[in-house]
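To keep things clear, I will list the structure first and then write my remarks on it.
2 protein chains.
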Amino acid sequence: MAATIKDVARKAKVSTATVSLVIHNNDRISSETKTRVKRAIQELNYHPFRSARGLASQKSGNLGFIVTDDHFSRSEPFYTQIFLGTEFQARESEYYVLLTTIPSDFNERENTPRFVLEKNVEGIILAGKIPHKLIQKLDNYTIPLVFIDYYFSPSQHPVVMIDNISGGLKATQHLIDCGHKDIAFIAGDLQHPSISERFQGYKMALQSAGIPFREELTQYDEPYPAREQGYLAIKKLLNRKVQFTAIFACNDAMAIGIVQYLKEKNIPVPSAISVIGFDDVEANLSLDPPLTSIRVPKVEMGIQAVKIMTEILTRKHTGPRKLLMPVELVIRGSTCKRQGEVSLYK
Amino acid sequence: MAATIKDVARKAKVSTATVSLVIHNNDRISSETKTRVKRAIQELNYHPFRSARGLASQKSGNLGFIVTDDHFSRSEPFYTQIFLGTEFQARESEYYVLLTTIPSDFNERENTPRFVLEKNVEGIILAGKIPHKLIQKLDNYTIPLVFIDYYFSPSQHPVVMIDNISGGLKATQHLIDCGHKDIAFIAGDLQHPSISERFQGYKMALQSAGIPFREELTQYDEPYPAREQGYLAIKKLLNRKVQFTAIFACNDAMAIGIVQYLKEKNIPVPSAISVIGFDDVEANLSLDPPLTSIRVPKVEMGIQAVKIMTEILTRKHTGPRKLLMPVELVIRGSTCKRQGEVSLYK
DNA sequence: TTCTATAAGTTAAACGTTTAACCTTCCAGG
DNA sequence: CCTGGAAGGTTAAACGTTTAACTTATAGAA
C-alpha cells in the first residue's frame, strides 16, 4: 500500500502532527525539521489521502459546476469553454471540478445535486441561466455560489458577467461606422440579463449616432437564442416588409440561423445585409461568410470565477460582487460598407 | 450542521452500524427495522458524508477522465461529447467524474495526475491518443483503466472502439455506389489505430468492388488529422495531377479543410468532387455543403466506458476486452453521383 | 534567583463512516 | 433436554488526517 502520514512521521522521527504542520507550511516548525520531513515525504512518495483530509478538515477539495443540459450540449461550445476555464484554474488552486448538468425545466421536486447533499463540494459555480427553484434550494445550504453569465436581481452572490452593454455598443457602432442606418435587432428571451443588456447597448449606440430607435426593426419574441430561432425571427422580420441593411443578432447562434435563411432566400450577405453576432464562436465553426462578432473571453470567465471562489473560500474576497469581462469587436466577412439602397422585397 | 449517522441511529433507536447496513441494503436487517431507519433518514434529510465514506471504505466515489488538452479543446466537439456521456452514466452509477487534461507532449518528468496520487479516483477513463509514458506511469498504480477510441497493442485494458473498419467500408462503398471509381484517401497519422483501420476498410471496399488500390490516390503524411492538415493534404494531392472524383477523408475535421481548399480553387463540391468524412460532427457545425459522414455514437461511447468501469469495480466484468461501437452512414450534400469526367486541371 | 515569553514541538481527540467479530434470542433436530 | 445454527442485531476498532490544547526547553528580564 501507499505510504501514510505515520510512515513519514516514523521515518523523519517526528509526530504525525508535525508532518501535517509541515505540509501546511506552519511556521511553528523549524526549518531544519521541515527539510527533514520533506525529504521523508519525497523518499516515500507520500501524498495525503484526499478522503482522510476531507473528513478531518471538513473540506472536500472539490468545486461544483452546474449548467443546464441544453446549455452544455449546445452546438456552440460556449459553456464548454467556460467549463474548461474553471478546470484549468481549479488545478492551479488544487481543486477538482465536479460537473453536473441539470434539466432546464428543473422543478421543486427535483433532487438537489448529490454533491451538495454529500458535502462533496466547497463551493458551486453556476454557468448560464439557472432555474430559480434550484438557486433557492442551494441558498438553503450555506455554500458559496458564484455565477457566470447570469444573475438574478435579489441575489447577492458574486457574478462574472460579460460587458454586454459595451459589446452591444461596439457591435452597433461597427454597423453605423459601415454606413448603416437601418439596423435591425434580433434576439430571444429578453428576460436574460445578458440579452437585455446587449439590447441596451444597441439603443445607446443608435442614440448617440442620432439614429432614432424603431421598434419595428426589432424581433425578440423567440423563447431562447438558438439557430432555429434566428431562422424564424428573420423570417418574421422580413414578413413585415420593413427595409434595413444590417442586423445585430444577440448571439452567434441566432446569427447563424439568420444567415442561413438569407442564403436560402438569395439575399446576399453582407452585400445586401450585413450581419453581426455576439460571442465569437466562429473560431470553432467555419462559416461562409465568416461571421463578424463580439469576442467574449470564455475560458477567462471560467478562470475568474474560480479565482473569486477560492478567494471566498479563504476569506480573502474583497473584490467587487460583479466582475465585467471586456469584449472585443472581431470583424470578418459578414459585415461590410452599406451598398446603397438594395430593396429586399423584389 | 447537517445530520450524521449518529443522529439517525438515535432517532431510529438502533446502532450506527445498523444504519450503515440499512443504507447498503444488507439482508441481515429485518424489513421492519429497515423501514424504521429509512424513515428516520428521510425525516432528518440525512445523506452520508462523502469524505467519511471515502476514508472508511477506501473508495472515493470518483472516476478520472484523462484527455490531452489539444484533443479536448479541438474545434470539433468530439471528446466533449464523449465526456458528456461518461458524466451521464457516472451519475446513474453514483459516481462523479474528475476531468483532467494533460499536455499532448507529456513526458517522463511530468507529474502523475493528482487524483491518482491522492487516491481520489477508483478508476480512470482515457479518451483519445494518450502518451505512452503516462500509461506506463498509471500502470504502476493498481488502478483500473478503460480506454476510449485508442489502445496500444501490449495493453490488456478494456477499450471502447469505433467500428472503424466497417465505417471505412461503408464510406467507401457509398462513394462506389455513387459511381465513383477514382477515390482518394486522405488522412493524418496512420499510427493511430482508428485511422489505420479506416484505411483498411477503404481498401477492403475497393477490393470487393474490383477497383485496384492506387497508392498515388492516397495522402497521409500529415502529423495529425485537423482542418489545416486537410487543407494541406488536398493541396499536395492535387499537385500530383492525378485524376479522381471522390475523396474519403479520415475524419470530418480534415474533410472540412479539404472542402475549404476546393472552394478556394473553385472546384465544386460535390459536382466535381464528392467528399465524405468520418465522425459526424456536422450536427454541430453547419457547413456548406453539409458533409456526408459516418456517424459515431460519441455520447454512447462514454456511457459504455463507464458501464465497463463500474463492472470492473464491482468485479462483475466478464464482457469482451474490446467493445466495438457500430457506425452509420449519413448522407448529406457533399457527395453525389459521379458526373462524367470532370478534369480537375484546366 | 525566579518569572515570563517564545520557540518548537507532541498528545490525543475528533472527523463520520464501515465492517469484522461478537452477542443474543429463538427454534428445529436429535 | 441439549445442541447447533440461523436471524437480527451491537460493539468497537479502524480508516488517515487535522488541530486545539498541552509540554518542554531556552532565553532574557526583573
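Same order as they appear, the protein sequences are chains R and D. Residue 1321 in this note's numbering sits at position 161 of the first sequence; the count goes up by one each step and never skips. Residue 1492 in this note's numbering sits at position 332 of the second sequence; the count goes up by one each step and never skips. Each residue gets a CB set at the ideal place from its N, CA and C atoms; glycine is no exception.
{"Asked": "What residues of chain R sit near I1416/D, judged by a beta carbon separation below 8 Å?", "Found": "S1446"}
{"Asked": "Using 9 Å as the threshold, is the C-beta distance between G1348/D and Y1380/D below it?", "Found": "yes"}
{"Asked": "Decide yes or no for the touch test of the stretch 1461–1476 of chain D against the stretch 1302–1322 of chain D: beta carbon pairs closer than 8 Å, at least 3 of them.", "Found": "yes"}
{"Asked": "Could you check whether the Cβ of P1208/R sits closer than 9 Å to any Cβ belonging to chain D?", "Found": "yes"}
{"Asked": "What did DSSP end up calling L1258/R once you bin it into helix, strand or coil?", "Found": "strand"}
{"Asked": "When burial is assigned at 16 or more other CB atoms within 10 Å of the CB, is F1345/D buried or exposed?", "Found": "buried"}
{"Asked": "Enumerate in chain order the residues of its own chain whose CB-to-CB distance from I1463/D is below 8 Å, with the five nearest sequence positions on each side excluded.", "Found": "G1245, T1246, F1248 and Q1249"}
{"Asked": "Could you give the distance in angstroms between the alpha-carbon of H1477/R and the alpha-carbon of D1187/D?", "Found": "50 Å"}
{"Asked": "How about L1244/R: is its C-beta nearer than 9 Å to some C-beta of chain D?", "Found": "yes"}
{"Asked": "I1433/D and A1409/D: beta carbons closer than 9 Å?", "Found": "no"}
{"Asked": "Taking C-beta pairs closer than 7 Å, name the residues in chain R that L1258/D reaches, listed in chain order.", "Found": "Y1256"}
{"Asked": "Mind checking which residues open and close the beta strand (DSSP E) that includes R1455/R?", "Found": "S1453 to R1455"}
{"Asked": "What first and last residue would you give for the beta strand (DSSP E) that runs through I1355/R?", "Found": "Looking at the DSSP string, I1355/R is not in any beta strand (DSSP E); the run it does join, the alpha helix (DSSP H), is P1353 to S1368."}
{"Asked": "In the DSSP assignment, the alpha helix (DSSP H) including K1145/R goes from what residue to what residue?", "Found": "An answer regarding residue 1145/R cannot be provided, because it is not within the stretch 1161 to 1506 covered by chain R."}
{"Asked": "Please determine, among Y1384/R, N1280/R, A1172/R and Q1499/R, the residue with the shortest C-alpha to C-alpha distance to R1196/R.", "Found": "A1172/R"}
{"Asked": "Do I1418/D and Y1391/D have their C-beta atoms within less than 9 Å of each other?", "Found": "yes"}
{"Asked": "Decide if R1269/R is buried, meaning its Cβ has at least 16 other Cβ atoms within 10 Å, or exposed.", "Found": "exposed"}
{"Asked": "In whole angstroms, give me the CA-to-CA distance for V1490/R and P1457/R.", "Found": "12 Å"}
{"Asked": "How about I1165/R and V1320/R: do their beta carbons lie closer than 9 Å?", "Found": "no"}
{"Asked": "Would you mind telling me which residues of chain D sit closer than 8 Å to T1240/R, beta carbon to beta carbon, in chain order?", "Found": "P1237 and T1240"}
{"Asked": "Does DSSP put I1322/D in a helix, a strand or coil?", "Found": "strand"}
{"Asked": "State yes or no: is the beta carbon of Q1389/D nearer than 9 Å to at least one beta carbon in chain R?", "Found": "no"}
{"Asked": "Since M1461/D and D1309/D are thought to touch, with beta carbons under 8 Å apart, how far apart are those beta carbons, to the nearest angstrom?", "Found": "7 Å"}
{"Asked": "May I ask you to list, following chain order, the residues of the stretch 1290–1306 of chain R that have a beta carbon less than 9 Å from some beta carbon of chain D?", "Found": "Y1301"}
{"Asked": "If you follow the beta strand (DSSP E) that S1217/R is part of, which residue opens it and which one closes it?", "Found": "Here S1217/R belongs to no beta strand (DSSP E); instead the alpha helix (DSSP H) covers R1210 to S1217."}
{"Asked": "Write down the C-beta distance between L1398/D and L1504/D rounded to the nearest angstrom, noting that I regard them as a contact closer than 8 Å.", "Found": "7 Å"}
{"Asked": "If I'm right that V1227/D touches T1261/D with Cβ under 8 Å, what's the distance once you round it to whole angstroms?", "Found": "6 Å"}
{"Asked": "Quick one: grab the DSSP three-state call for Y1380/D.", "Found": "strand"}
{"Asked": "Specify whether the stretch 1287–1299 of chain R and the stretch 1368–1378 of chain R touch according to this definition: at least 3 beta carbon pairs, one from each stretch, less than 8 Å apart.", "Found": "no"}
{"Asked": "Using only the alpha-carbon positions, how far apart do N1205/D and T1176/D sit?", "Found": "16 Å"}
{"Asked": "Does any residue of chain D bring its CB to less than 9 Å from the CB of R1251/R?", "Found": "yes"}
{"Asked": "Measuring CB to CB, does S1180/D end up less than 9 Å from N1280/R?", "Found": "no"}
{"Asked": "Give the DSSP-derived three-state secondary structure of A1162/R in the structure shown.", "Found": "coil"}
{"Asked": "Just the C-alpha distance for G1221/R and S1453/R, rounded to the nearest angstrom, thanks.", "Found": "38 Å"}
{"Asked": "Identify the contact partners of G1214/R in chain D, using a Cβ-Cβ distance below 9 Å as the criterion.", "Found": "F1209, R1210, S1211, A1212, G1214 and L1215"}
{"Asked": "Would you kindly work out how many angstroms separate the C-alpha atoms of I1394/D and P1385/D, rounded to a whole number?", "Found": "12 Å"}
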